Structures are given as structure tokens and as C-alpha cells.
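J.:
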Amino acid sequence: FETEKFSCLLMEFCSGGDLHILRQKQPGKHFSEQAARFYASEVLLALEYLHMMGVVYRDLKPENVMVREDGHIMLSDFDLSLQSFVSPTLIQSTSQPSCHIASYCMQPSCIVESSCKLPVACIQPSCFKPRFLNSKPRKAKTEKGGSDSFPMLIAEPTDARSMSFVGTHEYLAPEIIRGDGHGSSVDWWTFGIFLYELLTGKTPFKGNGNRETLFNVVGQPLKFPEGGGSISFAAKDLIRGLLAKDPKKRLGFKKGATEIKQHPFFDNVNWALIRSTNPPEIPKPIDLSILNETLKSSSVQQQQEKHSKQSDSSSGPYLDFEFF
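Using my numbering, the letters of the sequence shown correspond one by one to residues 14 to 337.
#1: Given that a residue counts as buried once 16 or more other Cβ atoms are within 10 Å of its Cβ, and exposed if not, what is Arg71?
#2: Give the DSSP-derived three-state secondary structure of Ser28 in the structure shown.
#3: Can you tell which of Ser20, Asp31 and Arg36 has the C-alpha that lies nearest to the C-alpha of Lys215?
#4: When you compare only the Cα positions, how much space is there between Leu103 and Ser20?
#5: DSSP three-state label for Ile273, please.
#6: Mapping DSSP to helix, strand and coil, what is Ser20?
#7: Please report the residue range of the alpha helix (DSSP H) in which Val99 lies.
#8: Return helix, strand or coil for Leu88, following the three-state DSSP convention.
#9: Output yes or no for whether 8 Å exceeds the beta carbon distance between Leu212 and Ile244.
#10: Distance, Cα to Cα, Leu208 vs Gly41?
#11: With DSSP run on the structure shown, which of helix, strand or coil describes Pro260?
#12: What residue from Glu55, Val69, Pro238 and Ala168 has the CA that sits closest to Leu12's CA?
#13: Between Cys27 and Val80, how many whole angstroms is the CB-CB distance? I'm expecting something under 8 Å.
#14: Let me check understanding here. Comparing Cα to Cα, which of Asp300, Ser311 and Glu294 lies closest to Ile34?
#15: Would Cys135 be called buried (16 or more neighbouring beta carbons within 10 Å of its own) or exposed?
#16: In terms of residue numbering, what span does the beta strand (DSSP E) encompassing Val80 cover?
#17: Classify His33 as helix, strand or coil using the three-state DSSP reduction.
#18: Return the CA-CA distance between Lys18 and His85, expressed in angstroms with no decimal places.
#19: According to the Cβ coordinates, are Phe204 and Leu60 closer than 8 Å?
#20: So Phe237 and Asn229 are in contact, right, with Cβ under 8 Å, and what is the actual spacing, rounded?
#21: To which residues does DSSP link Glu15 through a beta bridge?
#22: Just the C-alpha distance for Pro298 and Ser289, rounded to the nearest angstrom, thanks.
#23: Put Asn147 into one of helix, strand or coil per three-state DSSP.
#24: Can you give me the start and stop residues for the alpha helix (DSSP H) that Ala53 sits inside?
#25: Buried or exposed, going by whether 16 or more other CB atoms sit within 10 Å of the CB of Trp284?
#26: Relative to the C-alpha of Lys261, which candidate in Asp193, Phe98 and Glu76 has its C-alpha closest?
#27: Suppose you measure from the CA of Leu235 to the CA of Ser310; what does that come to, to the nearest Å?
#28: Return the residue from the list Asp90, Leu264, Asp83 and Leu251 that minimises the CA-CA distance to Pro75.
#29: Since Pro187 is in the alpha helix (DSSP H), which residue starts that stretch and which ends it?
#30: Let me check understanding here. Comparing Cα to Cα, which of Leu57, Trp201 and Phe44 lies closest to Arg263?
#31: Measure the Cβ-Cβ separation of Ala168 and Val99 and say whether it is below 8 Å.
#32: Would you say Asn223 and His182 are within 8 Å of each other, going by their C-beta atoms?
#33: Which of the three DSSP states is assigned to Pro164 in this structure?
#34: What residue range is occupied by the uninterrupted alpha helix (DSSP H) comprising Val230?
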């Protein structure tokens with residue numbers, strides 16, 4: 014809206030700051046796996062919604078994930094987003110899924126033998142069972158019609174293509190750095206980096222400078238911190254799948270968030286009620302009267318500095334922004 018002097022943009026106030034600040038306050042400057050799973054789940058739903066709208070986010074990082082006053086999160090900073098076309102499709106999943114994605118797990122022990130005699134490439138829960146997870150058989154979900162599965166909504170902007178070099182260096186996908194062109198799969202790469210940082214407190218390919226960081230992203234294998242026993246096998250396996258350097262072999266490439274949700278790391282997540290789940294941490298209430306006084310004094314100081322400067326009329330008109 015506009016006043017006589019100002020054009021105003023109103024945004025929701027997130028009293029919890031961002032996830033980067035919140036992570037710095039955690040023991041060891043990283044989240045527990047339970048907390049990381051909560052935040053990753055909400056971010057995954059946000060990315061799923063964006064992709065359903067044909068938007069490729071392209072700038073996921075903890076600094077852009079805001080924590081609201083109720084402890085839940087929201088994404089911000091969409092200036093690097095790519096708008097594209099998407100055609101949502103409803104498909105019938107089967108108990109014997111076809112598998113077209115390369116193996117994410119690097120060790121034979123990652124897969125336990127099951128009745129599903131499909132290649133290691135299969136990532137569906139019926140075929141894919143990390144040894145460290147509870148392997149109790151699940152009851153098949155059935156619909157009234159007798160089908161052994163529910164239909165899945167696939168809404169991935171697979172036709173989105175861009176040659177732009179955009180993003181944060183530590184989060185850039187290999188295809189962006191190589192200049193191969195990229196699509197929606199870059200969001201799943203950044204989601205993997207994001208989860209890695211939540212769990213370890215750092216990004217996996219960071220070098221001494223931007224050049225070394227980009228080299229590491231393209232040419233160095235993924236490694237986890239030594240002695241990182243606090244990170245479960247399921248979390249490591251999910252990150253490996255998301256950080257496949259070939260976008261066509263990356264988890265989420267074909268079916269997007271629907272595919273990622275089926276990974277065992279998210280086994281106990283109730284996606285429909287995630288917003289009703291108690292968050293790991295609720296921000297402390299902020300005394301807005303103190304904040305208002307701080308902003309007022311800052312505004313007065315800015316006005317004094319503004320009037321103390323001589324204006325150069327030959328430089329042309331400029332649009333001034335004031336924060337209050």
C-alpha cells in the first residue's frame with residue numbers, strides 16, 4: 014500500500030529468525046536428527062508445492078528458511094526462482110515398482126534381501142530396506158476398491174531448462190557449474206546439501222575459496238565427517254541419493270517430492286499433519302516495544318545522516334528506501 018510519503022511492503026514477521034541462526038545456537042552447531050527431519054520435511058513440502066506451481070526455487074539454504082513464531086518454517090527470497098510449465102499427473106503406484114534410477118547406496122550391506130527381486134536401483138519401500146532400520150513387515154494399505162496402493166500425484170516441472178549461473182557457491186549443483194543447463198532437479202541437489210548442513214553444521218564441498226568449492230562440487234566424492242556416528246544410515250543414504258552428480262540419477266529426478274517422501278528416512282513422518290506437529294523449538298516471545306524504540310532511534314539517525322549529506326542534482330533522481 015502507499016502513504017503520502019512511502020510505498021510499503023508488508024511481510025510476515027518471523028520471530029525465530031532463520032535456520033542458519035538457529036543452527037548456530039545448537040550444541041555442536043548442528044541439529045539433532047529428529048529436529049533436522051522435522052525441518053527437512055517442512056522444506057520438502059514447500060518445494061513440492063513450488064514445483065507443483067511450476068516454480069524452481071534454486072536458492073535453498075538455511076539463511077532463506079525462516080522460523081515463524083509457532084516454530085514452523087517458511088521459505089523466503091525468491092529472486093533466483095525460475096518459472097516454468099508443469100502438468101500434474103495422477104499415476105497408480107504398484108506394489109512392484111519399476112526402477113530406473115541408479116543405486117544410491119555404495120555398499121552391498123545397504124540392501125537387505127526381500128521378496129522383491131529387483132535390482133539394487135530400486136528405491137521403493139517394498140524393495141529398499143536399509144539394514145539398520147526396523148524391518149518389520151508393514152500392512153499393505155488398501156482402498157475400498159481392493160487396490161493395494163493409492164494413486165500418486167506427480168507434479169514435477171521436468172521441462173524446465175535454464176543456462177543461468179545462479180545460486181550460492183556451496184549449494185550449486187554440478188550441472189550449473191558445468192554449464193550443461195539445468196532443471197528442477199537442482200532443487201533436490203540443494204535439498205541434499207541443506208540436510209547435510211543441518212546434520213553436520215557445514216556443507217560437504219566447501220573449499221578454501223569459491224574456485225576450490227566449485228571444483229569440489231564437480232570433481233570430489235561426497236564424504237561424511239569422520240566419527241559422524243550420530244548420523245544414521247538412512248540419513249546418509251538419503252543424502253547420497255540427493256547428491257548424485259548426474260541429475261538423471263538423482264533422487265527426485267522423475268517423480269520429485271513424491272519419490273523422496275518414500276525414502277526410509279521419512280518413515281515416521283505424517284505428511285498430512287506435519288503443520289500440527291510440535292516443532293523442535295518454539296522462539297521466545299519478543300518484546301516489540303523494545304524493537305520499536307530501536308527502530309525509531311535508527312530511523313532518526315538515518316534521517317540525520319541523510320540531511321547532513323549534500324545532494325547532487327546532476328546525478329539524476331534516485332529512489333530511497335527506508336526501513337521502519
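Beta carbons: idealized from backbone N, C-alpha and C, even for Gly.
These figures come from a predicted structure and were not determined experimentally.
T.: On the basis of the coordinates in this document:
#1: As a working mapping, residue 71 is identified with position 58 in the sequence shown. Buried, by the Cβ-count rule.
#2: Taking the first residue of the sequence shown as position 1, residue 28 is located at position 15. Looking at Ser28 - three-state DSSP - the assignment turns out to be coil, as it is neither helix nor strand.
#3: The sequence position of residue 215 within the sequence shown is 202, counting from 1. The shortest CA-to-CA distance from Lys215 to any of Ser20, Asp31 and Arg36 is the one to Arg36.
#4: As a first step, residue 103 is located in the sequence shown; it is residue number 90 there, counting from the start. As a first step, residue 20 is located in the sequence shown; it is residue number 7 there, counting from the start. So the alpha carbons of these two residues sit roughly 44 Å apart.
#5: Working through the sequence shown from its first residue, we reach residue 273 at position 260. The DSSP-derived three-state label of Ile273 is helix.
#6: Within the sequence shown, residue 20 is the residue found at index 7, counting from 1. In the structure shown, Ser20 sits in a strand (DSSP, three-state: E or B).
#7: The residue labelled residue 99 in the question sits at position 86 within the sequence shown. Under the DSSP assignment, Val99 falls outside any alpha helix (DSSP H); it carries neither an H nor an E label.
#8: Translated into positions along the sequence shown, residue 88 becomes position 75. Three-state result, Leu88: strand.
#9: As a position in the sequence shown, residue 212 is number 199, starting the count at 1. As a position in the sequence shown, residue 244 is number 231, starting the count at 1. Closer than 8 Å, so yes.
#10: On the sequence shown, residue 208 is found 195 positions in, with the first residue counted as 1. On the sequence shown, residue 41 is found 28 positions in, with the first residue counted as 1. Taking the straight line from one Cα to the other gives about 16 Å.
#11: Your numbering for residue 260 matches position 247 in the sequence shown. When DSSP states are grouped into helix, strand and coil, Pro260 belongs to the helix group.
#12: No statement about residue 12 is possible, as the shown extent of the chain runs from 14 to 337 and does not include it.
#13: For this step, residue 27 is matched to residue 14 along the sequence shown. For this step, residue 80 is matched to residue 67 along the sequence shown. Indeed, because the Cβ distance is near 6 Å, the residues count as touching under 8 Å.
#14: Position 21 of the sequence shown, counted from the start, is the residue given in the question as residue 34. Closest by C-alpha distance to Ile34, out of Asp300, Ser311 and Glu294, is Glu294.
#15: Within the sequence shown, residue 135 is the residue found at index 122, counting from 1. A caution first: Cys135 carries a pLDDT of 38, below 50, which makes its placement in the model unreliable, though a value can still be read off. A residue is called buried when at least 16 other Cβ atoms come within 10 angstroms of its Cβ; Cys135 meets this threshold and is buried.
#16: Sequence index remark: in the sequence shown, residue 80 carries index 67 (1-based). It spans Val78 to Val80 - the beta strand (DSSP E) in which Val80 sits, taken as one unbroken run.
#17: On the sequence shown, residue 33 is found 20 positions in, with the first residue counted as 1. DSSP places His33 in helix when its eight states are reduced to three.
#18: Counted from its first residue, the sequence shown places residue 18 at position 5. Counted from its first residue, the sequence shown places residue 85 at position 72. Cα to Cα, Lys18 sits roughly 35 Å from His85.
#19: The residue labelled residue 204 in the question sits at position 191 within the sequence shown. The residue labelled residue 60 in the question sits at position 47 within the sequence shown. With respect to Leu60, Phe204 sits close: the two C-beta atoms are nearer than 8 Å.
#20: Counted from its first residue, the sequence shown places residue 237 at position 224. Counted from its first residue, the sequence shown places residue 229 at position 216. Rounded to whole angstroms, the Cβ separation of Phe237 and Asn229 is 14 Å, and the two are not in contact under 8 Å.
#21: What you label residue 15 is simply residue 2 of the sequence shown in a count that begins at 1. Answer by DSSP bridge pairing, in chain order: Ser20.
#22: Position 285 of the sequence shown, counting from 1, holds the residue named residue 298. Position 276 of the sequence shown, counting from 1, holds the residue named residue 289. Note on geometry: alpha-carbon atoms of Pro298 and Ser289 lie some 20 Å from one another.
#23: If you number the sequence shown from 1, residue 147 lands on position 134. Because Asn147 sits at a pLDDT of 45, beneath the cut-off of 50, its placement in the model cannot be relied upon, and the point is left open.
#24: Here residue 53 refers to the residue found at position 40 of the sequence shown. Element bounds for Ala53: Glu46 to Met65.
#25: Locating residue 284 in the sequence shown gives position 271, counting from the first residue. Residue environment: Trp284 is assigned as exposed (fewer than 16 neighbouring CB atoms within 10 Å of its CB, all protein chains considered).
#26: Locating residue 261 in the sequence shown gives position 248, counting from the first residue. Distances from the alpha-carbon of Lys261 to those of Asp193, Phe98 and Glu76 put Asp193 closest.
#27: As a first step, residue 235 must be located in the sequence shown, where it is residue number 222. As a first step, residue 310 must be located in the sequence shown, where it is residue number 297. If you take the alpha carbons of Leu235 and Ser310, they lie about 49 Å apart.
#28: The sequence position of residue 75 within the sequence shown is 62, counting from 1. Relative to the Cα of Pro75, the nearest Cα in the group Asp90, Leu264, Asp83 and Leu251 belongs to Asp90.
#29: Taking the first residue of the sequence shown as 1, we reach residue 187 at position 174. Per DSSP, the continuous alpha helix (DSSP H) segment holding Pro187 begins and ends at Pro187 to Arg191.
#30: Indexing the sequence shown from 1 puts residue 263 at position 250. Measuring from the Cα of Arg263, the nearest candidate turns out to be Trp201.
#31: Reading the sequence shown from its first residue, position 155 is the one you call residue 168. Reading the sequence shown from its first residue, position 86 is the one you call residue 99. It is a contact, given that the beta carbons lie within the stated cut-off.
#32: Counting from 1 along the sequence shown, the entry for residue 223 is found at position 210. Counting from 1 along the sequence shown, the entry for residue 182 is found at position 169. Taking 8 Å as the Cβ cut-off, Asn223 and His182 qualify as a contacting pair.
#33: Reading the sequence shown from its first residue, position 151 is the one you call residue 164. In the structure shown, the three-state DSSP call for Pro164 is strand.
#34: Counting from 1 along the sequence shown, the entry for residue 230 is found at position 217. Val230 -> alpha helix (DSSP H) spans Asn223 to Gly232.
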